[in-house]
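Notes follow once the structure below has been shown.
Protein chains in written order, with this note's numbering: chain E, 68 to 232; chain D, 6 to 142.
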């Protein structure tokens, strides 16, 4: 996998384009653009409290966990234990998916397999606190069946990612 | 110890512009695409609506709660459970709006493969779930 060392540069360029898009849209549809900006601020306010947690995780990974430990639990030879860790931590993780990318990148550089990263990201779709709400709309049987298939799908996705690497 | 902390802070800091891009993109989506627009795309034919549900879920963004509410409304409008399931699964597993950040941080090839696989799996999970429900009930 090609190393991406220029996230900051790419990010600044994309952010510049996005700001330009907002300026153009503001000139065309000011009301909708203000609505979009307000929605963005709301999202930012919701995810800000999660940032210290991510910094803490990244710090712990960098300082306390050695690459050989990462390799042992989620590396090439981790086996069933690795899949279990990826799926369970994916289900238990909070916040939007994209704020987990930096930590996953760090873990990968220390030996985590791409298949397990994919399984973690897929399993994040199973949100325990929201299960009662899905049950309310679609029924308890639906929730149970869907959750089982999504766990299976997270492992299938990880395995396929490994196969086509 | 201090060095590791600053490394973590710097690592996350470098990615803040990418996070802001995703957040601003989501803001545009929420301001321009209403629940009514999403509902109007479905026809009531499960064969056509299931992949359509997966596509709409893939390009949508925001809290998954919204997908359940929209999904519930779609069911009331006689959209098939196959399509609604594909829609809610793709909403949380495929990230078209998050793609710029995923691609820049985890790699373009990984992001493309993962999103395509998640899209296909959203349809397969929908078919498996609804078929199993049919057998159970």
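We treat Cβ as the ideally placed atom computed from N, Cα and C, and that holds for glycine.
Since this is a predicted model, take the numbers as computed values, not measurements.
is_contact[residue i, chain D] using C-beta, thresh 8 Å
{"i": "residue 126/E", "result": "yes"}
{"i": "residue 179/E", "result": "no"}
{"i": "residue 208/E", "result": "yes"}
{"i": "residue 159/E", "result": "no"}
{"i": "residue 69/E", "result": "Because residue 69/E carries a pLDDT of 44, less than 50, the predicted location of this residue cannot be relied on, and the following value inherits that uncertainty. Output row for residue 69/E: interface = yes."}
{"i": "residue 164/E", "result": "yes"}
{"i": "residue 197/E", "result": "yes"}
{"i": "residue 130/E", "result": "yes"}
{"i": "residue 218/E", "result": "no"}
{"i": "residue 106/E", "result": "yes"}
{"i": "residue 169/E", "result": "yes"}
{"i": "residue 75/E", "result": "yes"}
{"i": "residue 212/E", "result": "yes"}
{"i": "residue 222/E", "result": "no"}
{"i": "residue 89/E", "result": "yes"}
{"i": "residue 189/E", "result": "yes"}
{"i": "residue 135/E", "result": "no"}
CB of residue i within 8 Å of CB of residue j, strictly
{"i": "residue 218/E", "j": "residue 185/E", "result": "no"}
{"i": "residue 110/D", "j": "residue 23/D", "result": "yes"}
{"i": "residue 116/D", "j": "residue 127/D", "result": "no"}
{"i": "residue 88/D", "j": "residue 134/D", "result": "no"}
{"i": "residue 183/E", "j": "residue 153/E", "result": "yes"}
{"i": "residue 122/E", "j": "residue 17/D", "result": "yes"}
{"i": "residue 106/D", "j": "residue 125/E", "result": "no"}
{"i": "residue 73/D", "j": "residue 93/D", "result": "yes"}
{"i": "residue 99/D", "j": "residue 47/D", "result": "no"}
{"i": "residue 180/E", "j": "residue 224/E", "result": "no"}
{"i": "residue 158/E", "j": "residue 117/E", "result": "no"}
{"i": "residue 143/D", "j": "residue 103/E", "result": "In the structure displayed, chain D extends from 6 to 142; residue 143/D sits before or after that span and is not available."}
{"i": "residue 231/E", "j": "residue 214/E", "result": "no"}
{"i": "residue 80/D", "j": "residue 85/E", "result": "no"}
Chain B contact for residue i (CB, 8 Å cutoff)
{"i": "residue 36/D", "result": "The chain inventory of the structure shown lacks chain B, comprising the protein chains E and D."}
Below-8 Å beta-carbon distance, residue i vs any chain E residue
{"i": "residue 82/D", "result": "no"}
{"i": "residue 43/D", "result": "no"}
{"i": "residue 73/D", "result": "yes"}
{"i": "residue 101/D", "result": "no"}
{"i": "residue 115/D", "result": "yes"}
{"i": "residue 55/D", "result": "no"}
{"i": "residue 79/D", "result": "no"}
{"i": "residue 60/D", "result": "no"}
{"i": "residue 14/D", "result": "yes"}
{"i": "residue 52/D", "result": "no"}
{"i": "residue 85/D", "result": "no"}
{"i": "residue 9/D", "result": "yes"}
{"i": "residue 88/D", "result": "no"}
{"i": "residue 123/D", "result": "yes"}
Nearest-angstrom beta carbon gap, residue j and residue i [assumed within contact, 8 Å]
{"i": "residue 130/D", "j": "residue 220/E", "result": "5 Å"}
{"i": "residue 77/D", "j": "residue 204/E", "result": "4 Å"}
{"i": "residue 31/D", "j": "residue 67/D", "result": "6 Å"}
{"i": "residue 149/E", "j": "residue 140/E", "result": "6 Å"}
{"i": "residue 26/D", "j": "residue 81/E", "result": "5 Å"}
{"i": "residue 128/E", "j": "residue 171/E", "result": "That belief does not hold up - the Cβ atoms of residue 128/E and residue 171/E are roughly 10 Å apart, past 8 Å."}
{"i": "residue 188/E", "j": "residue 164/E", "result": "6 Å"}
Heavy atom of the ligand MG within 7 Å of residue i beta-carbon
{"i": "residue 122/E", "result": "The model depicted lacks the ligand MG and carries no ligand whatsoever."}
Please specify which runs of the alpha helix (DSSP H), each continuous and at least 4 residues long, are wholly inside the stretch 11 to 86 of chain D, giving them in chain order. 21 to 37, 40 to 46, 51 to 64 and 69 to 81
Go through the stretch 144 to 195 of chain E residue by residue and report every complete run of the alpha helix (DSSP H) that reaches 4 residues or more, in order. 146 to 159, 168 to 176 and 181 to 190
Cβ pair count under 8 Å reaching 3, the stretch 120 to 134 of chain E against the stretch 55 to 68 of chain D: no
Taking one C-beta from the stretch 87 to 94 of chain E and one from the stretch 207 to 215 of chain E each time, how about it: are there three or more such pairs within less than 8 Å? no
Complete alpha helix (DSSP H) runs within the stretch 85 to 146 of chain E (minimum length 4 residues, chain order): 97 to 114, 118 to 130 and 134 to 141
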